[in-house]
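Numbering (our numbering), first residue to last: 266 to 814.
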Amino acid sequence: MNREDLANLIFPTITKTIADYEKMYPERNLENEAKVTRFAPSPTGFMHIGHFMPTLINYVLAKQSNGIFYLRNEDTDSSREVDGAVSYIRHVFSHYHIKPDEYEYKDLNETKGLYAPYIQSERKEIYQTFIKYLIQEGKAYPCFLTPEEIDSIREGQAKDKRRIGIYGRYAKYRDLPVEEAMKRIKKGEVYTIRLKSSGDFNRKFKFNDLAFGEMELPENDLDIPIMKSKDGLPTYHFAHLVDDHLMHTTHVVRGQEWLSSVPIHYELFKTFGFKMPKYIHIPLILKKDGESIRKISKRLDPEAKMSYYEEKGYPYLAVIEAVMTIANSNYEAWREGHPTEPYTNFPFSPKKMSASGALFDLDKLDNISKNIISRMTKEEVYEGVLNWSKEYDIEFYNLLIKYKDYSMLIYNIEREQKKPRKDYTYYSEIKEKTWYMYDEYFKDATITFASPIQQVKTILEEYKTIYQEEDLQEQWFTKIKELCTKLNYATDMKAYKENPEKYLGSIVDVTNIIRVALTSLTTTPDLYSIMKILGKEKVLARIEKILVK
RNA sequence: GGCCUGUUGGUGAAGGGGUUUAACACGCCACCCUCUCAAGGUGGUAUUCACGGGUUCGAAACCCGUACAGGCUACCA
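Written out as structure tokens, the structure is:
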């Protein structure tokens, strides 16, 4: 009886070798500097902003180096799996125009890429081949510790203030004779496979993280589980080793919470003699909660969910720009110098990444978004609102379809100029800011004036007589001033403020009466533009409606 | 408890020993412009870089300690 027999007892159906798989998944044929990156989520919840940042960085790194960005589904924990998590990722990717070069969508029966399967639960045999090798080499062993035993070990360690985990003398089964192990397995005892660690916790090794720089970490000496008893699937650490080796990942971009697992990964790669990918650990996105700061939470913070941004109707690029700004401190400066280049051209530098967690600033996002919308053409704005309303406001959507050109005129107010208006922050806001332009909504508006109704009527009566649709802006404004003079309103605020008792009011009162009559609101974009778009018929009808009351 | 990482305004941050009386952007405030908004313009907004020591002619920057925050410490990823 030897380790070979033990390996065969545990994995009777595994006949391939590691070399076989390395042949099946050969080196990628890419340029020298090309980076191979991946987004490898576990489908245990819906994608949130904390996933989005690493996704973007991975994507940018691959794109700008003519490399490969692939999607891998890390579904090794079936008990925590959430329905729809994978299709939601697909949705987010398509919403943000992120196209993975390789992926596997089981529900669509769609696979792309030569390193498939990209779903971990379908790679069981591959992992087991690697584990079998370890057993043969005596570098892994079946462990018969029960959960209860492990709990009591942990309790004991905590009580004695010792390091917690299965290592050294706590690793009860690491030196169990092969015969004994086989006997127990044959008897049907439940076991997990653990790595037989050769590390020494008191020894340090040097590790270079591309974001954090060089650091010294203690070697791993934990006999970590690499295969679960329940279904023979590997744990995260082991799957990471196998997949990133076979898929030839060059750069792993992941959240900082993984930094403390590096010693495990280091040992795993060393054990097999595989080259480690480069690591870029990125800061967490945090949230201020009263006085304290914590990791952003899907449960507590609506803005953590990717759906938040879609529902509000931020242009997809606004969210990307905002995240890039957090990810790399010199992104904004680069953007200023390259206003029209795709963000994927940004020379991303891991060294320029902050090492501490960052609060996600929604004000900044709003500002970025406003700027992006202000630089769009009227057609692009229309497209944006249309797509948004199709999902979230079907009534408005129908109106937009009906009044396409008319709506675009509204979006074009003060747009085609050097410094365009910036009043739309996101698409969901546009209806709130333009509804009065549509009779369908305006008919139900309540109209109240700040000035006495007699004054209102006088002004509107007079205005009706001077209003000419074809007037140019300057002509229109001259007429307004003449009207002011005629009715004893000051034509400019300075004059009015100096002698308020001399006048009935100022030009502001006059224009605001017209504004309210036409829109029901006291704040709108330029009145002249609004009237141009409404057209003579609507303008007069809306004025008449007030006069007859 | 152990290990790891961090700490510069309200936010993201630049800066890695003297050119910093701390850049830039967002926010906020004030004023200007103005038919109301949105913009735009001008200016203000950290008595000083978590704290305490040290090194130095000189420290936000280098060293040590402390505090605080976060992460990990699962047959979760």
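For every residue, glycine included, the Cβ atom is placed at its ideal position computed from N, Cα and C.
Member of the options whose CA lies at the smallest distance from the CA of residue i
i, options, result
"S344", "L441, G602, P308, Y368", "P308"
"R355", "D342, D372, E346", "D372"
"F611", "M618, L630, P442, M589", "M589"
"E697", "V527, T784, R468", "T784"
"G538", "K797, V507, P567", "V507"
"I333", "M312, Y368, M480", "Y368"
"I695", "T743, F317, P580", "P580"
"T642", "E705, E413, L271, K687", "K687"
"L410", "E420, G421, I431, Q401", "I431"
"P442", "F304, L812, P685, C408", "C408"
"E727", "P765, T776, S463, L475", "T776"
"Y793", "D425, A587, K767, F742", "F742"
"P820", "T514, P548, I811", "Absent from the structure is residue 820, since the part of the chain shown begins at 266 and ends at 814."
"T282", "Y608, I400, E802", "I400"
"Y692", "E656, A715, E681, K684", "E656"
"P607", "L748, Y324, V301", "Y324"
"F707", "E645, V781, E648", "V781"
"K389", "Y286, D348, A299", "Y286"
"D270", "D509, N652, K448", "K448"
"P615", "V347, F503, N473, V813", "N473"
Continuous alpha helix (DSSP H) stretch holding residue i: start and end
i, result
"G349", "Note, G349: premise wrong, no alpha helix (DSSP H); not H, not E."
"F304", "Element bounds for F304: not the alpha helix (DSSP H) but the beta strand (DSSP E), 301-304."
"P528", "527-537"
"D554", "That residue, D554, is in no alpha helix (DSSP H); its beta strand (DSSP E) goes 550-554."
"Y671", "669-676"
"N652", "643-657"
"F707", "704-707"
"I283", "283-289"
"M447", "443-451"
"Y361", "Looking at the DSSP string, Y361 is not in any alpha helix (DSSP H), and its letter there is neither H nor E."
"Y581", "581-592"
Whether residue i touches residue j by CB criterion (8 Å)
i, j, result
"I675", "M702", "yes"
"E532", "N485", "yes"
"L737", "N753", "no"
"Y380", "L295", "no"
"I724", "I745", "no"
"E433", "I550", "One point to set straight first is that residue 433 is Gly, not Glu, in the sequence displayed. No, they are not a contact pair."
"R303", "L326", "no"
"V650", "Y732", "no"
"I396", "L274", "no"
"H530", "H546", "no"
"R268", "G478", "no"
"T457", "K426", "no"
"T605", "Q329", "no"
"M571", "F317", "yes"
"A587", "K629", "yes"
"R439", "Y406", "yes"
Which residues DSSP lists as bridging residue i, in chain order
i, result
"D474", "G478"
"H516", "K543"
"Y398", "Note: Y398 sits in no beta bridge, so no partner."
"P483", "K469"
"C408", "T457"
"A623", "I550"
"T825", "Residue numbering for the chain in the displayed model covers 266 to 814; residue 825 lies beyond these limits and cannot be assessed."
"P499", "M492"
"I384", "N338"
"G770", "Y754"
Assigned secondary structure, residue i (DSSP; H/G/I helix, E/B strand, else coil)
i, result
"G403", "coil"
"H603", "coil"
"K493", "coil"
"T743", "helix"
"A569", "helix"
"T776", "helix"
"A755", "strand"
"I418", "helix"
"Y432", "strand"
"L737", "coil"
"Q719", "helix"
"T784", "helix"
"G464", "coil"
Span of the beta strand (DSSP E) around residue i
i, result
"I558", "557-560"
"R459", "457-460"
"P319", "Run containing P319: none in the beta strand (DSSP E); it sits in the alpha helix (DSSP H), 314-328."
"E697", "Per DSSP, E697 belongs to no beta strand (DSSP E); it is in the alpha helix (DSSP H), 695-699."
"L336", "333-336"
"E369", "368-370"
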